[in-house]
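As they're listed, the protein sequences go chains A and B.
Residue numbers for the first sequence follow our numbering, so the first one is 2 and each next one is one higher.
Residue numbers for the second sequence follow our numbering, so the first one is 2 and each next one is one higher.
C-beta: ideal position from N, C-alpha, C; glycine also.
Protein chains: 2
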Amino acid sequence: MKTNKIIESMLNHRSIRKWKQEPIGEEIVGILLEVANRTSTSNGLLQSSIIRITDQKKKDQIVKISKQAYLATAPELFIFVADNFRNDRILAEGNSATNFAADGDRFLQGITDSAIMAQNVVNAAESLGLGVVYFGSVLNEPRRLIELLKLPERTMPVIAVGIGYPDQEPQLKPRIHLETRVFENEYKVFDNYHEELKEYDEELQEYYDLRDANRRVDSFTKQVKDKLSLQSETRAEYFELAKERGYEI
Amino acid sequence: MKTNKIIESMLNHRSIRKWKQEPIGEEIVGILLEVANRTSTSNGLLQSSIIRITDQKKKDQIVKISKQAYLATAPELFIFVADNFRNDRILAEGNSATNFAADGDRFLQGITDSAIMAQNVVNAAESLGLGVVYFGSVLNEPRRLIELLKLPERTMPVIAVGIGYPDQEPQLKPRIHLETRVFENEYKVFDNYHEELKEYDEELQEYYDLRDANRRVDSFTKQVKDKLSLQSETRAEYFELAKERGYEI
Chain A
2 MKTNKIIESM LNHRSIRKWK QEPIGEEIVG ILLEVANRTS TSNGLLQSSI IRITDQKKKD
62 QIVKISKQAY LATAPELFIF VADNFRNDRI LAEGNSATNF AADGDRFLQG ITDSAIMAQN
122 VVNAAESLGL GVVYFGSVLN EPRRLIELLK LPERTMPVIA VGIGYPDQEP QLKPRIHLET
182 RVFENEYKVF DNYHEELKEY DEELQEYYDL RDANRRVDSF TKQVKDKLSL QSETRAEYFE
242 LAKERGYEI
Chain B
2 MKTNKIIESM LNHRSIRKWK QEPIGEEIVG ILLEVANRTS TSNGLLQSSI IRITDQKKKD
62 QIVKISKQAY LATAPELFIF VADNFRNDRI LAEGNSATNF AADGDRFLQG ITDSAIMAQN
122 VVNAAESLGL GVVYFGSVLN EPRRLIELLK LPERTMPVIA VGIGYPDQEP QLKPRIHLET
182 RVFENEYKVF DNYHEELKEY DEELQEYYDL RDANRRVDSF TKQVKDKLSL QSETRAEYFE
242 LAKERGYEI
């Protein structure tokens, strides 16, 4: 098998939610940010930015949004932002007659630019022995987060990543079988997903989530039902909010 | 400087648009797909899927959408899809009274799941000496792509990646300076972006894009003006199309 250290590290990825309470150092932060900046970007338009949270008070305020206390203990916290403001300003300064810096196309690119940048930071951090976790929960109340970060119009927060030296060793979480997630040439619809996912459902129930110490997790299909039969209104209005903020989508 | 091979490879990332015309091998494809499947996923909900294009006729049809002839020569072509269909079916099979599998929150997660998965594949591929490029151009006409890939409702194509052994050595493209892209604790608005980006504008003009052999590229601010004063209607309607396809955003 033609593999290597980085691939082994990717195949062993686990979210880390408990870190040693020591800084990761400015040199390493610098490397992570250089990697972020080097990430591919749609049409070379650089439609993403990073807010690095170093102010503990601000972290504590973000915890009120995320409701995950461990966020406040992340030695580093980066928030990745779809940024269509910078290019909008460039057009405005040049008095362009037309300005499509924030249409649906460019907003999507801003989101994907932000996400792939985050994943590059994750991979770089893990290659240095750091432990990371994605904080989707910073979007529980996007309006409050936008206020806290003083984000201008035509920007939207997309994802956050917490980084530090790991202080826990979580179990590797089972994954869905490839045949239900990777298709050749066209999408494959299955007759019965409960049937198709039966084996994966069983495997997942053997997994222990460290967040709920010593409690096995539910099957995948049960988790899907429980999580997706409810809605968070403030999360669900993400694209409505984007419109309010100047996106023409 | 505490760096390593993967970080050096990330800092030296270039898009590769010309590949040796040899397959990358099923074993390697298998590794890349395992890495994709191991990528972090919002709330453990696995809201992304991959369509692997192996049919040359289909690649040729996708070129008609992307208008980039070299897409047809990519030894491997993966299209990453925001997939809120699978979980919607699980809820429907369970006769859930409420079903929020495809609201704005879950759609955003489907998009970010797809994007970070793509970046993981990119990093794994590059670590094996492969050359990759993102094809955002597959979204030039999303309706046609959806038809070609037979994507069901509550799914949207997000991004594509071409992979093969590189047959060119492009120059490293300059990047914006970090102080205009990374901010501490809150977003920083500059008074004059042309002024702020002057140095970067100059650096970029020293760069040669292999796509336009021996022609230097425009400054960043000029590119922004040229690209964003125009709009592609079929690209811009991405989120409208998502609504038509069952997303409640």
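Buried/exposed call for residue i, threshold 16 Cβ in 10 Å
i	result
Ala116(B)	buried
Glu180(A)	exposed
Gly165(A)	buried
Phe191(A)	exposed
Pro24(B)	exposed
Arg182(B)	buried
Ala161(B)	buried
Ser67(A)	buried
Arg216(A)	exposed
Gln69(B)	buried
Gln169(A)	exposed
Tyr208(B)	exposed
Thr222(B)	buried
Ala103(B)	buried
Leu231(B)	exposed
Ser43(B)	buried
Asn100(A)	buried
7 Å Cβ cut-off: residues of chain B touching residue i
i	result
Lys59(A)	Asn186
Ile250(A)	Phe240
Phe136(A)	None at all; the shortest Cβ gap to chain B is about 10 Å.
Val159(A)	Thr113
Tyr194(A)	Arg87, Arg90, Ile91 and Glu94
Glu35(A)	Leu12
Val225(A)	Leu46, Asn88, Ile91 and Leu92
Within chain B, the residues that residue i reaches when beta carbons sit closer than 9 Å
i	result
Thr74(A)	Within chain B, no residue comes near Thr74(A); the closest Cβ sits about 17 Å away, beyond 9 Å.
Spatially closest choice to residue i from the options, by CA coordinates
i	options	result
Phe86(B)	Leu78(B), Phe108(B), Ala75(B) and Gln69(B)	Phe108(B)
Glu196(B)	Tyr208(B), Tyr188(B) and His178(B)	His178(B)
Gln172(A)	Asp202(A), Arg18(A) and Tyr71(A)	Arg18(A)
Val64(A)	Ser16(A), Leu140(A) and Ala237(A)	Leu140(A)
Asp227(B)	Ile91(A), Thr42(A) and Val82(A)	Ile91(A)
Phe184(B)	Lys223(A), Gly31(A) and Asn193(A)	Gly31(A)
Glu77(B)	Leu47(B), Asn124(B), Gly132(B) and Ala98(B)	Gly132(B)
Pro167(A)	Tyr248(A), Gln22(A) and Glu9(A)	Gln22(A)
Leu33(B)	Glu154(B), Pro158(B), Ala126(B) and Asn186(B)	Ala126(B)
Thr74(A)	Ala119(A), Asp61(A) and Asn186(A)	Asp61(A)
Val36(B)	Lys223(B), Trp20(B), Lys189(B) and Ser128(B)	Ser128(B)
Glu9(A)	Lys58(A), Ser97(A) and Asn124(A)	Asn124(A)
Asn186(B)	Phe79(A), Gln120(A), Glu27(A) and Asn96(A)	Phe79(A)
Ala93(B)	Thr99(A), Thr55(A), Lys58(A) and Tyr194(A)	Tyr194(A)
Glu28(A)	Asn13(B), Ala119(B), Leu46(B) and Thr4(B)	Thr4(B)
Leu150(B)	Asp202(B), Thr99(B), Ser233(B) and Asp56(B)	Asp56(B)
Met118(A)	Leu12(B), Leu72(B) and Asn96(B)	Leu12(B)
Lys244(B)	Ile52(B), Val82(B), Gln48(B) and Met157(B)	Met157(B)
Whole-Å CB distance - residue i paired with residue j, under 8 Å assumed
i	j	result
Asn38(A)	Arg176(B)	5 Å
Asp84(A)	Ser50(A)	4 Å
Arg246(B)	Asp106(A)	Arg246(B) to Asp106(A), Cβ: 17 Å. No contact.
Leu205(A)	Val218(A)	6 Å
Phe136(B)	Gly111(B)	The pair is not a contact, with the Cβ atoms about 19 Å apart (cut-off 8 Å).
Pro153(B)	Leu242(B)	Contact flag wrong, Cβ pair sits at about 14 Å.
Asp89(B)	Arg155(B)	5 Å
Val159(A)	Thr113(B)	7 Å
Listed by chain order, chain A residues near residue i by CB distance under 7 Å
i	result
Pro153(B)	Tyr188 and Val190
Arg236(B)	Asp106
Lys68(B)	The premise fails here: Lys68(B) is roughly 14 Å from chain A at the closest Cβ pair, so nothing lies under 7 Å.
Leu150(B)	Glu187 and Tyr188
Ala119(B)	Ile117
Arg176(B)	Asn38 and Arg39
Asp56(B)	Asn186
Partners in chain A for residue i, counting only beta-carbon separations shorter than 9 Å
i	result
Val183(B)	Leu34, Ala37, Asn38, Ser50, Ile51, Ile52, Arg53 and Phe79
Interface partners of residue i on chain B, CB under 8 Å
i	result
Ala179(A)	The residue you asked about is not Ala; residue 179(A) is Leu in the sequence shown. Ordered by position in chain B, the residues that pass the 8 Å Cβ test against Leu179(A) are Leu34, Glu35 and Asn38.
Gln110(A)	Gly137
Asp202(A)	Here the premise fails: no neighbours, minimum Cβ distance about 10 Å.
Contact list for residue i against chain A, beta-carbon separation under 8 Å
i	result
Gln232(B)	Thr99, Phe101, Asp104 and Asp106
Ile25(B)	Neighbours of Ile25(B) on chain A: none; closest Cβ ~10 Å, over 8 Å.
Lys228(B)	Asn44 and Leu46
Ile8(B)	Ile32, Val36, Ala125, Ser128 and Leu129
Residues that residue i contacts on chain D, provided the C-beta gap is smaller than 9 Å
i	result
Ser220(A)	Any reference to chain D falls outside this structure, whose protein chains are A and B.
### Query
Can you list the alpha helix (DSSP H) stretches of 4 or more residues lying completely in the segment 118 to 183 of chain B, in chain order?
143 to 149
### Start-end ranges of the alpha helix (DSSP H) lying completely within the segment 36 to 71 of chain A, minimum 4 residues
57 to 67
### Task
Any chance you could list the alpha helix (DSSP H) runs of at least 4 consecutive residues sitting entirely within the segment 73 to 115 of chain B, in chain order?
86 to 94
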